[in-house]
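For the sequence shown, our numbering gives the first residue as 50, with consecutive numbering after it.
For each residue, glycine too, the CB sits at the ideal point set by N, CA and C.
I have placed the structure first, in the form of C-alpha coordinates, so that the comments after it can refer back to it.
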Amino acid sequence: MRELNATVLENIEIAPMVYSLTFGLDEEIAIRPGQFCMIGVHGYSLKRPIAVCKTEGERVTVCFRVKGGGTRALAGNYRLKEKIPVLLPLGNGFSVPEEARRIAVVGGGVGIFPLISAIRAYTGTHEVYAYMGFRSKADICLEYEMRRAELILATDDGSAGFHGNAVQAFMKDVDGLQPDIVLSCGPLPMLRALKNSMRGRDIPVFVSLEERMGCGIGACLVCVCDREDGSRARVCRDGPVFDINEINF
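Quick look at the structure:
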(Lines of atoms letter the chains of each structure in order from A and count residues from 1; the text may use other names and numbers.)
(Lines give C-alpha, C1' and ligand atoms only; values in the text may rest on other atoms or scores of the structure.)
Protein backbone atom coordinates (compact mmCIF):
# COMPACT_ATOMS: atom_id res chain seq x y z
CA MET A 1 0.00 0.00 0.00
CA ARG A 2 1.37 3.39 -1.02
CA GLU A 3 0.07 6.95 -0.68
CA LEU A 4 1.04 8.83 -3.81
CA ASN A 5 0.47 12.10 -5.61
CA ALA A 6 -0.67 10.90 -9.01
CA THR A 7 -1.05 12.97 -12.17
CA VAL A 8 -4.41 13.16 -13.94
CA LEU A 9 -4.04 11.99 -17.54
CA GLU A 10 -7.72 11.75 -18.53
CA ASN A 11 -11.10 12.39 -16.89
CA ILE A 12 -14.01 11.83 -19.28
CA GLU A 13 -17.69 10.87 -19.23
CA ILE A 14 -18.13 7.46 -20.87
CA ALA A 15 -21.86 6.93 -20.19
CA PRO A 16 -24.56 9.08 -18.57
CA MET A 17 -23.09 10.15 -15.20
CA VAL A 18 -20.30 7.55 -15.44
CA TYR A 19 -16.70 8.75 -15.65
CA SER A 20 -13.35 7.20 -16.51
CA LEU A 21 -10.40 8.70 -14.65
CA THR A 22 -6.86 7.76 -15.67
CA PHE A 23 -3.90 8.87 -13.60
CA GLY A 24 -0.18 8.33 -13.88
CA LEU A 25 2.14 7.14 -11.12
CA ASP A 26 5.86 7.78 -10.76
CA GLU A 27 6.45 4.03 -10.79
CA GLU A 28 4.65 0.88 -11.82
CA ILE A 29 2.82 -0.76 -8.91
CA ALA A 30 1.47 -4.32 -8.97
CA ILE A 31 -2.32 -4.28 -8.59
CA ARG A 32 -4.35 -7.49 -8.56
CA PRO A 33 -7.74 -7.73 -10.28
CA GLY A 34 -10.42 -6.71 -7.81
CA GLN A 35 -8.25 -4.45 -5.67
CA PHE A 36 -9.23 -0.81 -5.17
CA CYS A 37 -7.81 2.59 -4.32
CA MET A 38 -8.82 5.57 -2.19
CA ILE A 39 -8.81 8.85 -4.10
CA GLY A 40 -8.68 12.29 -2.49
CA VAL A 41 -11.24 14.90 -3.52
CA HIS A 42 -10.88 18.69 -3.16
CA GLY A 43 -12.97 19.97 -0.27
CA TYR A 44 -13.63 16.56 1.31
CA SER A 45 -11.72 15.12 4.27
CA LEU A 46 -12.34 11.49 3.33
CA LYS A 47 -11.00 9.80 0.22
CA ARG A 48 -13.40 7.96 -2.11
CA PRO A 49 -13.03 4.18 -2.60
CA ILE A 50 -13.05 3.17 -6.27
CA ALA A 51 -12.17 -0.19 -7.82
CA VAL A 52 -9.29 -0.30 -10.27
CA CYS A 53 -10.59 -0.96 -13.77
CA LYS A 54 -7.28 -1.42 -15.58
CA THR A 55 -3.55 -0.84 -15.28
CA GLU A 56 -1.11 -0.22 -18.11
CA GLY A 57 2.40 0.22 -16.74
CA GLU A 58 2.36 3.39 -14.67
CA ARG A 59 -1.17 4.31 -15.87
CA VAL A 60 -4.15 3.36 -13.70
CA THR A 61 -7.79 3.77 -14.75
CA VAL A 62 -10.76 3.82 -12.41
CA CYS A 63 -14.41 4.28 -13.40
CA PHE A 64 -17.21 5.58 -11.20
CA ARG A 65 -20.80 6.76 -11.22
CA VAL A 66 -21.60 10.27 -9.98
CA LYS A 67 -23.85 9.75 -6.94
CA GLY A 68 -23.07 12.51 -4.45
CA GLY A 69 -21.04 15.61 -3.88
CA GLY A 70 -17.71 13.80 -3.64
CA THR A 71 -17.97 11.91 -6.91
CA ARG A 72 -19.46 15.01 -8.56
CA ALA A 73 -16.38 16.96 -7.50
CA LEU A 74 -14.11 14.16 -8.66
CA ALA A 75 -15.77 14.19 -12.07
CA GLY A 76 -15.77 17.93 -12.52
CA ASN A 77 -12.83 19.40 -10.63
CA TYR A 78 -9.81 17.42 -11.82
CA ARG A 79 -8.19 18.40 -15.09
CA LEU A 80 -5.30 17.19 -17.23
CA LYS A 81 -1.90 17.16 -15.44
CA GLU A 82 -3.43 18.11 -12.09
CA LYS A 83 -2.13 16.24 -9.04
CA ILE A 84 -4.45 13.89 -7.19
CA PRO A 85 -3.79 12.02 -3.89
CA VAL A 86 -4.21 8.27 -4.20
CA LEU A 87 -3.82 5.39 -1.72
CA LEU A 88 -3.28 2.02 -3.42
CA PRO A 89 -3.46 -0.93 -3.84
CA LEU A 90 -6.02 -1.85 -1.19
CA GLY A 91 -7.99 -4.96 -0.29
CA ASN A 92 -7.81 -8.53 -1.46
CA GLY A 93 -8.46 -9.11 -5.13
CA PHE A 94 -9.68 -12.07 -7.14
CA SER A 95 -7.57 -15.21 -7.07
CA VAL A 96 -8.15 -17.93 -9.67
CA PRO A 97 -6.68 -21.38 -8.94
CA GLU A 98 -4.18 -22.60 -11.51
CA GLU A 99 -6.34 -25.60 -12.41
CA ALA A 100 -9.39 -23.42 -13.20
CA ARG A 101 -9.44 -23.03 -16.98
CA ARG A 102 -12.94 -21.70 -17.68
CA ILE A 103 -13.95 -18.48 -15.92
CA ALA A 104 -17.33 -16.76 -15.96
CA VAL A 105 -17.59 -13.13 -14.90
CA VAL A 106 -21.01 -11.75 -14.02
CA GLY A 107 -21.37 -8.02 -13.50
CA GLY A 108 -24.02 -5.36 -13.17
CA GLY A 109 -23.89 -1.56 -13.15
CA VAL A 110 -20.60 -0.13 -11.90
CA GLY A 111 -19.73 -3.67 -10.82
CA ILE A 112 -18.50 -4.28 -14.35
CA PHE A 113 -15.40 -2.16 -13.75
CA PRO A 114 -13.42 -4.40 -11.33
CA LEU A 115 -14.40 -7.32 -13.56
CA ILE A 116 -12.75 -5.64 -16.54
CA SER A 117 -9.48 -5.88 -14.59
CA ALA A 118 -10.12 -9.63 -14.23
CA ILE A 119 -10.94 -10.02 -17.92
CA ARG A 120 -7.70 -8.26 -18.84
CA ALA A 121 -5.70 -10.42 -16.40
CA TYR A 122 -7.07 -13.83 -17.38
CA THR A 123 -7.92 -13.61 -21.08
CA GLY A 124 -5.15 -15.30 -23.03
CA THR A 125 -4.40 -17.85 -20.32
CA HIS A 126 -7.99 -18.92 -19.58
CA GLU A 127 -11.34 -19.20 -21.32
CA VAL A 128 -13.27 -16.17 -20.08
CA TYR A 129 -17.01 -15.68 -20.54
CA ALA A 130 -18.51 -12.34 -19.54
CA TYR A 131 -22.15 -11.62 -18.68
CA MET A 132 -22.52 -7.87 -18.19
CA GLY A 133 -25.75 -6.10 -17.31
CA PHE A 134 -26.84 -2.49 -17.86
CA ARG A 135 -30.06 -0.54 -17.46
CA SER A 136 -30.29 0.23 -21.17
CA LYS A 137 -28.27 0.46 -24.37
CA ALA A 138 -27.38 4.07 -23.53
CA ASP A 139 -25.60 2.93 -20.35
CA ILE A 140 -23.27 0.44 -22.05
CA CYS A 141 -19.63 1.52 -21.86
CA LEU A 142 -16.18 0.02 -22.34
CA GLU A 143 -17.64 -2.69 -24.54
CA TYR A 144 -14.31 -3.00 -26.35
CA GLU A 145 -12.68 -4.02 -23.05
CA MET A 146 -15.37 -6.57 -22.25
CA ARG A 147 -15.05 -8.11 -25.72
CA ARG A 148 -11.62 -9.45 -24.77
CA ALA A 149 -13.84 -12.22 -23.34
CA GLU A 150 -16.75 -14.06 -24.93
CA LEU A 151 -19.37 -11.42 -24.13
CA ILE A 152 -23.10 -11.55 -23.48
CA LEU A 153 -24.64 -8.12 -22.86
CA ALA A 154 -27.91 -7.80 -20.94
CA THR A 155 -30.16 -4.78 -20.52
CA ASP A 156 -33.05 -4.36 -18.13
CA ASP A 157 -35.23 -2.79 -20.83
CA GLY A 158 -34.19 -5.11 -23.66
CA SER A 159 -32.75 -2.29 -25.76
CA ALA A 160 -29.54 -4.28 -26.37
CA GLY A 161 -28.58 -7.93 -26.00
CA PHE A 162 -30.39 -10.22 -23.57
CA HIS A 163 -33.62 -8.79 -22.14
CA GLY A 164 -33.07 -9.06 -18.41
CA ASN A 165 -30.18 -8.86 -15.96
CA ALA A 166 -26.73 -10.41 -16.03
CA VAL A 167 -27.61 -13.17 -13.55
CA GLN A 168 -30.58 -14.26 -15.64
CA ALA A 169 -28.43 -14.31 -18.78
CA PHE A 170 -25.72 -16.33 -17.02
CA MET A 171 -28.09 -18.86 -15.48
CA LYS A 172 -29.56 -19.55 -18.91
CA ASP A 173 -26.10 -20.75 -20.02
CA VAL A 174 -24.48 -22.08 -16.84
CA ASP A 175 -25.30 -25.75 -17.24
CA GLY A 176 -23.92 -25.87 -20.76
CA LEU A 177 -20.96 -23.63 -19.97
CA GLN A 178 -19.90 -25.42 -16.76
CA PRO A 179 -17.37 -22.79 -15.61
CA ASP A 180 -14.67 -23.80 -13.16
CA ILE A 181 -15.12 -20.56 -11.22
CA VAL A 182 -17.38 -17.50 -11.24
CA LEU A 183 -16.26 -13.94 -10.45
CA SER A 184 -18.93 -11.33 -9.82
CA CYS A 185 -19.56 -7.74 -8.76
CA GLY A 186 -22.71 -5.67 -8.69
CA PRO A 187 -25.50 -4.39 -6.47
CA LEU A 188 -26.53 -6.51 -3.49
CA PRO A 189 -29.86 -7.69 -5.00
CA MET A 190 -27.91 -9.03 -7.98
CA LEU A 191 -25.40 -10.84 -5.77
CA ARG A 192 -28.20 -12.24 -3.61
CA ALA A 193 -29.91 -13.58 -6.73
CA LEU A 194 -26.65 -15.12 -7.94
CA LYS A 195 -26.08 -16.83 -4.58
CA ASN A 196 -29.58 -18.28 -4.55
CA SER A 197 -29.36 -19.37 -8.20
CA MET A 198 -26.00 -21.11 -7.75
CA ARG A 199 -27.04 -22.95 -4.60
CA GLY A 200 -26.47 -26.70 -4.97
CA ARG A 201 -24.02 -26.37 -7.87
CA ASP A 202 -20.44 -27.38 -7.16
CA ILE A 203 -18.98 -24.22 -8.72
CA PRO A 204 -17.05 -21.73 -6.56
CA VAL A 205 -18.32 -18.15 -6.79
CA PHE A 206 -16.33 -15.15 -5.59
CA VAL A 207 -17.88 -11.70 -5.30
CA SER A 208 -16.47 -8.22 -4.90
CA LEU A 209 -18.66 -6.20 -2.53
CA GLU A 210 -19.48 -2.53 -2.97
CA GLU A 211 -19.74 -0.71 0.36
CA ARG A 212 -19.37 2.82 1.71
CA MET A 213 -15.91 3.22 3.26
CA GLY A 214 -14.22 5.71 5.49
CA CYS A 215 -10.54 4.83 5.77
CA GLY A 216 -10.07 1.93 3.34
CA ILE A 217 -7.63 0.13 5.66
CA GLY A 218 -9.92 -1.50 8.24
CA ALA A 219 -9.67 1.00 11.08
CA CYS A 220 -13.02 2.82 11.01
CA LEU A 221 -15.44 -0.15 10.64
CA VAL A 222 -17.77 1.81 8.32
CA CYS A 223 -17.81 -0.98 5.72
CA VAL A 224 -18.54 -4.06 7.84
CA CYS A 225 -20.77 -6.78 6.40
CA ASP A 226 -22.40 -9.86 7.94
CA ARG A 227 -20.97 -13.35 7.52
CA GLU A 228 -23.09 -16.50 7.47
CA ASP A 229 -21.41 -17.71 10.69
CA GLY A 230 -22.67 -14.65 12.58
CA SER A 231 -19.36 -12.78 12.58
CA ARG A 232 -18.70 -9.54 10.74
CA ALA A 233 -16.08 -8.72 8.11
CA ARG A 234 -14.45 -5.47 7.03
CA VAL A 235 -15.02 -5.17 3.30
CA CYS A 236 -11.99 -2.93 2.81
CA ARG A 237 -9.48 -5.15 4.61
CA ASP A 238 -10.97 -8.67 4.69
CA GLY A 239 -12.38 -8.18 1.17
CA PRO A 240 -13.64 -6.69 -1.00
CA VAL A 241 -13.56 -10.17 -2.59
CA PHE A 242 -15.28 -12.97 -0.65
CA ASP A 243 -16.58 -16.47 -1.28
CA ILE A 244 -20.27 -15.83 -2.00
CA ASN A 245 -21.31 -18.51 0.51
CA GLU A 246 -19.41 -16.71 3.26
CA ILE A 247 -21.57 -13.58 3.10
CA ASN A 248 -25.06 -13.11 4.52
CA PHE A 249 -26.68 -10.69 2.07
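Exercise. Note the first and the last residue of the continuous alpha helix (DSSP H) segment covering L237.
Key: L237 to M247
Self-check item: Where F72 falls: helix, strand or coil (DSSP)
Solution: strand
Practice problem: Would you list the one or two residues that DSSP bridges to S257? | Solution: C234 and V290
Exercise. Taking 7 Å as the cut-off, decide whether the C-beta atoms of A167 and V154 are in contact.
Key: yes
Quiz item: Do L137 and C86 come within 7 Å of each other at the CB atom, strictly closer than that value?
Solution: yes
Quiz prompt | The alpha helix (DSSP H) enclosing K221, as first and last residue numbers | solution = A215 to L226
Practice problem: Could you work out which residue in I133, R196 and K96 is closest to N60 when comparing CA atoms only? | Solution: I133
Quiz prompt | Buried versus exposed call for L129 [16 or more other C-beta atoms within 10 Å across all chains shown] | solution = exposed
Quiz item: In the structure shown, what three-state DSSP assignment does Y127 receive?
Solution: coil
Self-check item: Residue(s) in a DSSP beta bridge with I88
Solution: R97 and V135
Exercise. Kindly give me the distance between the Cβ atoms of G119 and R97, rounded to whole angstroms, as I take these residues to be in contact under 8 Å.
Key: 5 Å
Quiz item: Residue range of the beta strand (DSSP E) that E192 falls in?
Solution: Careful: E192 lies outside any beta strand (DSSP E), inside the alpha helix (DSSP H) at E192 to M195.
Quiz item: Quick one, are the C-beta atoms of I161 and V177 less than 7 Å apart?
Solution: no
Quiz prompt | Span separating the alpha-carbon of A122 from that of S185 | solution = 26 Å
Quiz item: Among G279, V57, I296 and P289, which one has its Cα closest to the Cα of L164?
Solution: P289
Practice problem: Measure the C-alpha to C-alpha separation of D229 and V223 and round it to an integer number of angstroms. | Solution: 11 Å
Exercise. Compute the Euclidean distance between the alpha carbons of S280 and F291, then round it to the nearest angstrom.
Key: 14 Å
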